[in-house]
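Novice: This is the structure I want to talk about, given as C-alpha cells.
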Amino acid sequence: MKSVRFVTFGCKANQYDTQVLREALLRRGLAETDRGADLVVVNTCTVTAEAGRKARQLIRRVVREHAGTKVAVTGCLAESEPEILREIDGVEWVLGNGEAKRPVNFLRELGHDVDPEELGIPAGITAFAGHTRAFLKIQDGCDKACAFCIIPAVRGKSRSRSIPELEAEVTRLVRAGHVEIVLCGIHIGHWGLDRGQVLADLMEVLARLEVPAHDGSPAAFRVRLSSIEATEVDERLTALMAAHPGRIAPHLHMPMQSGDDAVLARMNRWYTVEQYLAACDRIRAALDRPAFTADILVGFPGETEEQFERTLQTARRAGFARVHAFPFSARPGTAAWELAGRVPIEVVRDRRARISEAAAELGEAFRRSLDGARETVVLEGFSGLSGRYQRVSIPPERLHGPPPKAIEVVLEARVDGDRTELLGAPLEVGV
Ligand code: SF4
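Letter by letter, the sequence shown follows residues 25 to 455 of the working numbering.
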C-alpha cells in the first residue's frame with residue numbers, strides 16, 4: 025500500500041486519534057491523498073444513531089467509487105458494532121479503540137511488521153498540519169453513566185496521560201507553530217483522578233510553561249479547555265483561569281443537558297440546576313466576561329413541556345454565549361433505550377428550534393457585551409477565534425500586511441439590525 029486517505033467523524037478526541045494514526049502511517053512511508061487511495065482509514069463516531077448511519081454510508085460510497093481500495097474502520101462505531109461493519113463489502117479491517125489508540129498495534133494489524141523502537145513513535149503527535157490550533161487529548165474514557173450516552177461502553181474507564189508527557193507534547197506543538205492548544209478528551213474534568221491528581225495540577229504546569237521560540241524568546245500561546253462539566257471547574261481551576269487570562273482562554277464549554285432537575289435525574293446526571301447555575305455565577309464573578317457554551321439535549325424520554333420551558337429559562341439565566349442543542353437519539357446499549365415516554369419527533373424538532381432561537385438571542389447579547397474588551401485572536405486569514413470563542417474579523421486595511429497567526433485587538437461590536445459582528449482593532453503586531 026502506497027497511499028492513504030483519512031476520514032474522521034465525531035469529536036475532537038477522535039480528530040486527535042486520527043492524527044496519531046496519520047503520523048504513524050506517514051512515518052511508514054505512505055503518502056496522504058484526498059481521493060482514490062490504496063487504503064482509507066475511517067475513524068468513526070457512535071454518539072448518535074445519525075453519526076453511525078453517516079459513517080456506514082461513507083464507507084459504502086468509498087468502496088463503490090474506488091474498486092481495489094481497502095478500508096480500515098476504527099473508532100467508536102468499530103467498537104460498538106464490529107459485526108455490522110465487517111459485513112460491508114470492501115471493509116478489510118475493523119479495529120476497535122484498543123488497536124486504534126496504539127498506532128503500533130494498528131500498523132501490525134495492517135500487515136506492517138513494526139518495531140516500536142525503530143519506528144520512533146513519540147507519545148502523542150508532533151503537529152496538526154494546516155491549522156493554527158492543535159487538539160491535544162489529555163485523557164480518554166469516562167467513569168460516569170449518563171443514561172443517554174454510549175461512550176463509556178466504547179471507550180472504557182477514564183485514563184489520564186502524565187504531566188511530563190503532556191508538557192512535552194505542548195512544547196512540541198508550540199514549537200511546530202501552533203498558537204492555541206485545545207485540551208480535549210472524553211471527560212477532561214476527571215483528568216488525573218486515576219493518578220491521584222486533579223486537572224488544576226496540570227493547568228498550573230501549563231499556565232507557567234515557557235516554550236522557547238526558534239529565536240530563543242518565549243513563544244506566545246494559549247490553552248483552551250474543551251468540554252468540561254460545570255461541577256468540575258473547582259475553585260483552584262477558576263483561580264488559575266483568573267490569574268492567567270492570556271494563557272488559559274476564558275471560555276468554558278459546560279454541558280448542561282437539561283435545565284430541569286427531574287430530567288437531569290432521569291438522565292443520571294449528578295447535579296441539580298441550582299448547582300449548575302451556582303458554578304456559572306462563581307466563575308463569572310472571578311473572571312472578566314467569561315464565555316459559557318453548552319450542550320442541551322432536547323426530547324429526552326418523558327420530557328414534558330413544563331420541563332422543557334424550565335430548560336429554556338435556565339439557559340437564559342446561565343447567559344450562554346452559544347448552545348449546541350441536539351435531539352435525543354435512542355442508542356441500543358444505553359439506559360435511555362429502555363425508558364418509556366419517547367417524545368414525538370415533531371415535538372423534539374419544535375423544542376430544538378426554540379432552544380436555538382433563544383441561544384441566538386443570548387449569543388447576540390454576549391457579543392454586544394464584549395464591545396471594548398481586549399482579546400487575542402488566533403487568525404486563519406483575516407478572521408479567527410478570540411479567547412472567548414467568538415469569531416472576530418480584522419479588516420485587511422487595519423493590518424498593513426499579511427495576517428499573523430495571532431494578534432491582540434480591542435473588540436468593536438458592530439450592530440446591524442438583529443446581528444452583531446465583532447471586529448478587531450489591532451493593538452500591536454501579532455506572533
Ligand atoms: S459524562 Fe456522561 S455524557 Fe459525558 S462521556 Fe461520560 S457518560 Fe457520556
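Ideal Cβ placement from N, Cα and C applies to all residues, glycine included. Source: prediction; values computed, not measured.
Start and end of the alpha helix (DSSP H) containing residue 176?
Specialist: Note, residue 176: alpha helix (DSSP H), 175-179.
Novice: Residue 195 by DSSP, collapsed to three states: which one?
Specialist: If DSSP states are grouped into helix, strand and coil, residue 195 belongs with the helices.
Novice: Do residue 210 and residue 179 come within 8 Å of each other at the CB atom, strictly closer than that value?
Specialist: Contact flag set, yes.
Novice: Would you kindly report the start and end of the unbroken alpha helix (DSSP H) that includes residue 369?
Specialist: Counting along the chain, the alpha helix (DSSP H) containing residue 369 begins and ends at 369-393.
Novice: At the level of alpha carbons, what is the spacing between residue 270 and residue 414?
Specialist: Cα to Cα, the separation comes out at about 15 Å.
Novice: So the beta strand (DSSP E) residue 430 belongs to, where does it begin and stop?
Specialist: Where residue 430 is concerned, the enclosing beta strand (DSSP E) stretches over 430-440.
Novice: Just the Cα atoms here: how many angstroms apart are residue 158 and residue 81?
Specialist: Residue 158 and residue 81: Cα-Cα distance of roughly 29 Å.
Novice: Threshold first: 3 residues or longer. Then list the beta strand (DSSP E) segments lying entirely within the segment 289-352, N to C.
Specialist: Entirely contained in the segment 289-352, the beta strand (DSSP E) runs reaching 3 residues are, in chain order, 315-322 and 346-351.
Novice: Which one of 53, 278, 98 and 86 has the shortest CA to CA distance from residue 120?
Specialist: When each option's Cα is compared against that of residue 120, the closest is 98.
Novice: Is the closest heavy atom of the ligand SF4 to the C-beta of residue 169 under 7 Å?
Specialist: Yes, Cβ of residue 169 sits closer than 7 Å to a heavy atom of the ligand SF4.
Novice: So is residue 207 buried or exposed if we call it buried at 16+ other beta carbons inside 10 Å?
Specialist: Residue 207 should be labelled buried.
Novice: The beta strand (DSSP E) with residue 30 in it runs from where to where?
Specialist: First-last of the beta strand (DSSP E) with residue 30: 27-32.
Novice: For residue 221 and residue 258, what's the separation of their Cα atoms in angstroms?
Specialist: The alpha-carbon atoms of residue 221 and residue 258 are separated by roughly 13 Å.
Novice: Based on the DSSP secondary-structure assignment, which residues constitute the bridge partners of residue 162?
Specialist: The partner list for residue 162 (beta bridge, DSSP) is empty, contrary to what the question assumes.
Novice: Rounded to whole angstroms, what's the CA-CA distance from residue 37 to residue 283? Just pull it up for me.
Specialist: Going from the Cα of residue 37 to the Cα of residue 283 covers about 27 Å.
Novice: Taking 7 Å as the limit between beta carbons, can you name the residues of its chain near residue 84, skipping five residues before and five after?
Specialist: 112.
Novice: Can you have a look at residue 454 and say buried or exposed, based on whether 16 or more other CB atoms are within 10 angstroms of its CB?
Specialist: Per-residue confidence for residue 454 stands at a pLDDT of 48, beneath the threshold of 50, marking its modelled position as unreliable; no derived number is given.
Novice: Write down the C-beta distance between residue 383 and residue 344 rounded to the nearest angstrom, noting that I regard them as a contact closer than 8 Å.
Specialist: The Cβ separation is near 6 Å, so the contact holds.
Novice: Residues in the same chain with beta-carbon distance under 7 Å from residue 172, minus the five sequence neighbours each way, listed in chain order, please.
Specialist: So the qualifying residues of the chain are 291, 321, 324, 352, 358 and 360.
Novice: Consult DSSP for residue 256 and reduce its assignment to one of helix, strand or coil.
Specialist: The answer is helix: DSSP assigns residue 256 an H, G or I state.
Novice: Could you tell me if residue 162 is buried or exposed, where buried requires 16 or more neighbouring beta carbons within 10 angstroms of its beta carbon?
Specialist: So residue 162 counts as buried.
Novice: Are three or more beta carbon pairs between the segment 182-202 and the segment 224-244 nearer than 8 Å?
Specialist: Taking 8 Å as the limit for Cβ pairs, the verdict is that the segment 224-244 does touch the segment 182-202.
Novice: By the DSSP assignment, the beta strand (DSSP E) with residue 104 in it spans what residues?
Specialist: Run containing residue 104: none in the beta strand (DSSP E); it sits in the alpha helix (DSSP H), 100-104.
Novice: Is it buried or exposed, residue 327, if we count other Cβ atoms within 10 angstroms and call 16 or more buried?
Specialist: By the neighbour-count rule (16 or more Cβ atoms within 10 Å), residue 327 is buried.
Novice: Going by DSSP, what residues sit across from residue 117 in a beta bridge?
Specialist: Paired residues: 96.
Novice: Could you compute how far the alpha carbon of residue 95 sits from the alpha carbon of residue 426?
Specialist: Rounded to whole angstroms, residue 95 to residue 426 spans 41 Å at the Cα level.
Novice: Got a sec, what are the start and stop residues for the beta strand (DSSP E) residue 449 sits in?
Specialist: Looking at the DSSP string, the run of the beta strand (DSSP E) that includes residue 449 is 443-450.
Novice: Measure the alpha-carbon distance for residue 254 versus residue 40 and round it to whole angstroms.
Specialist: If I take the Cα positions, the gap works out to 24 Å.
Novice: Relative to the C-alpha of residue 48, which candidate in 30, 276, 318 and 347 has its C-alpha closest?
Specialist: The shortest Cα separation from residue 48 among 30, 276, 318 and 347 belongs to 30.
Novice: If you draw a straight line from the C-alpha of residue 28 to the C-alpha of residue 150, how long is it?
Specialist: Distance between the alpha carbons of residue 28 and residue 150: 19 Å.
Novice: Could you name the residues that DSSP lists as bridge partners for residue 205?
Specialist: BP columns for residue 205 point to 158 and 247.
Novice: Within its chain, find whatever has a CB closer than 8 Å to the CB of residue 45; leave out the 5 residues flanking it on each side and keep chain order.
Specialist: Same-chain partners within the cutoff: 30, 65, 67, 98, 124, 127 and 130.
Novice: On the criterion of 16 or more Cβ atoms from any shown chain inside 10 Å, does residue 167 qualify as buried, or is it exposed?
Specialist: Burial call: exposed.
Novice: Within 7 Å: the Cβ of residue 173 and any heavy atom of the ligand SF4?
Specialist: Correct: residue 173 has its Cβ closer than 7 Å to the ligand SF4.
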